[in-house]
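Right, one structure below, let's go through it.
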Ligand code: ATR
């Protein structure tokens, strides 16, 4: 690590490829400004291979970075690079946070806690039965969050059946055929989309949600557009919703605490700033 002088700014950032779309610099910069912290949080584009990732992390440590968030395609690389790995990061097989110290690099997964917090914000007791659409890395994190929230009946529906089966076997879940996703909603407390369907530039998610009970919560991890077709229809049917921005804001809290040393607040003012930024980028 670089020798730290008492008035040196705190350095942190987000590593990905591409990374220019990330809203994390906006979030951390707002929090640092609010707290009057002398610090910088910057986007860092690192080519996709593990070797390039490891070289970049070594360099960031040399120049004194406190830590970084990690996004696609490097979340598995972050876990591999770390000397110490949290239980959540190990269970997910991926990390979105690396913290550097003289003792080494430690990996954490705040995507899991971020999703759990976003759900808890809407509902302190969200229920026991969930249907998860998708079976990729995002679905894995969501499943771990659902288990932490107390869900005991978790079902997976995914276009590619083998991926659904693999995830279900890893976490002892039930599998629903992709084509039957709209027919199994009756007793569902939470429906969550983790697929890329509904994202701008992608096909929309075809899903009939009329069979959901009125108290069911509907979540979508997509945040561009912020109001996906699924969430718009959920609101029309008077369901409470959790959008991708809620998860994104909550996953950022542990990094800010760890690297900048202050508690950060997820509130309407922050959401407003992020919506403005998404509008500026033409993403809502
Ligand atoms: P991530 O790690 O972000 O979850 P991923 O591993 O690429 O990304 O997973 C994307 C998810 O969106 C998968 O569940 C994928 O389904 P497949 O496993 O069948 O690929 C889902 N997905 C993407 N495009 C889809 C489409 N057109 N129809 C249905 N599901 C789709």
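In the working numbering, the protein residues as written are 39 to 322.
Heads up, the beta-carbon is just placed ideally off N, CA and C, and yes, glycines get one too.
Here residue 170 is actually not in contact with residue 150; their C-beta atoms are around 13 Å apart, not less than 8 Å. Relative to the ligand ATR, residue 211 has its C-beta separated by 7 Å or more from all heavy atoms.
Looking at the DSSP output, residue 212 bridges to 193. In terms of CA proximity to residue 321, 238 leads the group 234, 238 and 130. Segment contact: the stretch 125 to 139 against the stretch 100 to 111, three or more CB-CB distances shorter than 8 Å; contact assigned.
Collapsing the DSSP output to three states places residue 265 in coil.
Of the heavy atoms belonging to the ligand ATR, at least one sits nearer than 7 Å to the Cβ of residue 173. Less than 8 Å separates the beta-carbon of residue 152 from that of residue 288. Distance from the CA atom of residue 246 to the CA atom of residue 160, rounded to whole angstroms, is 23 Å. Residue burial annotation: residue 71 is exposed, with fewer than 16 other C-beta atoms found within 10 angstroms of its C-beta.
Assignment of residue 103 by DSSP, reduced to helix, strand and coil, places it in the coil class. Contact between residue 176 and residue 138 does not hold, since the beta-carbon distance rounds to 26 Å and is not under 8 Å.
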